[in-house]
Amino acid sequence: MLSLRGITRQYGTQTVLDRVDLDIGAQEFVCLLGPSGCGKTTLLRIVCGIESGFGGTLHMSGQDITSWPAARRRFGVVFQSYALFPNLTVLDNVAYGLRGMDSSHRRARCMEMLDLVGLAAHAQKYPAQLSGGQQQRVALARALAPQPRLLLLDEPLSALDAQVRTGLRQEIRRLQQQLRIPTVMVTHDQEEALTMADRVVLMERGRIVQQCAPIDLYAHPASEFAARFVGRMNVFSGQLTGAAQVLVGQVDLRIAPHAIHQHSGGPVSVGIRPELVRVHERDWPRERAPGARVPSTNTVPVELVEITFCGAHTMLQLHAPTLGTHIEAELPTPLGGDLRWR
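Per our numbering: the sequence shown = residues 3 to 344.
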């Protein structure tokens, strides 16, 4: 539906976007995810039509819209700051984008949108009388009222409290699926991207480094950056010593062949999620010859460094002498919250 080709943007000598290609399908929810300064908001502004001076082309349903102004594109936009008119009622804020419609139809459409976001009873209130979550719902209703061809969300939840943010995530996703409108959302919050998107587009330094379904991004990161940015990851430096074996410190770790992206000997990085680490109590030999390699059982002795209670799970910081590094492990918190360690 929407195709971006070779999108490049520079500010002076700084390259903010570097030849970005991206396709957005009909009814698809796509999250642009990445750290601050990676170019995701600039890319959204280019799609929206409020950023100039870029290279590349944009096509919508096969039509070149590169030079079209924002109004002609008919895209709905929701900003982080709500961008509501403080002197207008909720109803009039939603009606702002429908100024070419006759008054009776305009009011009916606005009330329909306010009912959709659960704010029909607040139509005559002013923005200052609403909570942050309610104001963002008004902004969402205003963006949807003109029946846009594409919905653009620029960090719409980042200014909200955690509990409100969680509820609005579900609300936005429900509306998107109900209205079947293609949506692009910018976020730096990995949890938002993983829970809301059909496809996550991970960006770093102006480039797309991986794009796939959320579960694939989490389970199969394509780089160390992706592994560290999305979720928590233990990363070890080692040497590939066999077809499915890596030497980390004194330990030969067995690696599933399909997880190895380098098939020649040399330095590699090995990653394991904390929730995949299993911790057991057992006796270990007290003496080991200096430099002696540990057999390939993927089991190493550890020393407990710190316990951090995180609610439903507990994080353990462990020191692994034979690996020469620390390991982070995530365990379910026992019923009653009583975690004992001897």
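Backbone N, C-alpha and C define an ideal beta-carbon position, used for all residues, glycine too. A quick note: this is a predicted structure, and the numbers were derived from the prediction, not measured.
In terms of Cβ geometry, residue 272 and residue 240 form a close pair [threshold 8 angstroms]. Between residue 146 and residue 103, the CB-CB gap reaches or exceeds 8 angstroms. Counting only the Cα atoms, residue 196 lies some 23 angstroms from residue 335. Contact between residue 36 and residue 204 holds: their C-beta atoms lie close to 6 angstroms from each other, under 8 angstroms. Around the beta carbon of residue 226, fewer than 16 other beta carbons sit within 10 angstroms, so the residue counts as exposed. Annotated three-state conformation of residue 68 is coil, per DSSP.
Residue 118 and residue 112 have their C-alpha atoms spaced approximately 10 angstroms apart.
Here the C-alpha atom of residue 277 lies approximately 28 angstroms from the C-alpha atom of residue 31. For residue 331, the three-state secondary structure derived from DSSP is strand. CA-CA distance, residue 55 to residue 14, rounds to 11 angstroms. When the beta-carbon positions are compared, residue 182 and residue 20 stay at least 8 angstroms from each other. Around the beta-carbon of residue 77, 16 or more other beta-carbon atoms lie within 10 Å, marking it buried. By the neighbour-count definition (other C-beta atoms within 10 Å, threshold 16), residue 309 is an exposed residue.
Distance from residue 6 to residue 23 at the Cβ level is roughly 6 angstroms; contact confirmed, criterion being Cβ atoms closer than 8 angstroms.
Taking C-alpha positions only, residue 94 is separated from residue 156 by approximately 22 angstroms. When the Cα atoms are used, residue 73 and residue 65 turn out to be separated by approximately 16 angstroms. Remark: C-beta atoms of residue 134 and residue 166 approach each other more closely than 8 angstroms. The shortest C-alpha to C-alpha distance from residue 158 to any of 149, 63, 151, 170 is the one to 170. Going by DSSP, residue 189 is part of the beta strand (DSSP E) stretching over 185-189. Distances from the CA of residue 190 to each of 179, 180, 202 were compared; the closest alpha carbon is that of 202. In the DSSP assignment, residue 107 falls within the unbroken alpha helix (DSSP H) covering 105-118. Here residue 137 is actually not in contact with residue 124; their C-beta atoms are around 10 angstroms apart, not less than 8 angstroms. The C-alpha of residue 149 is placed about 13 angstroms away from the C-alpha of residue 98. Boundaries of the alpha helix (DSSP H) around residue 135: 134-146. With 16 or more other Cβ atoms inside 10 Å of its own Cβ, residue 238 counts as buried. Within the same chain, 318, 331, 333 come within 7 angstroms of residue 281 by CB-CB distance, once the 5 residues on both sides are set aside. Here residue 13 is bridged, per DSSP, to 16. Between the C-alpha atoms of residue 57 and residue 68 there is a straight-line separation of about 10 angstroms.
Under the DSSP assignment, residue 177 falls in the alpha helix (DSSP H) whose first and last residues are 164-181. Proximity to residue 128 across 92, 305, 142 peaks at 92, based on C-alpha coordinates. For a cut-off of 8 angstroms, the C-beta gap from residue 27 to residue 3 is around 6 angstroms, short enough to register as a contact.
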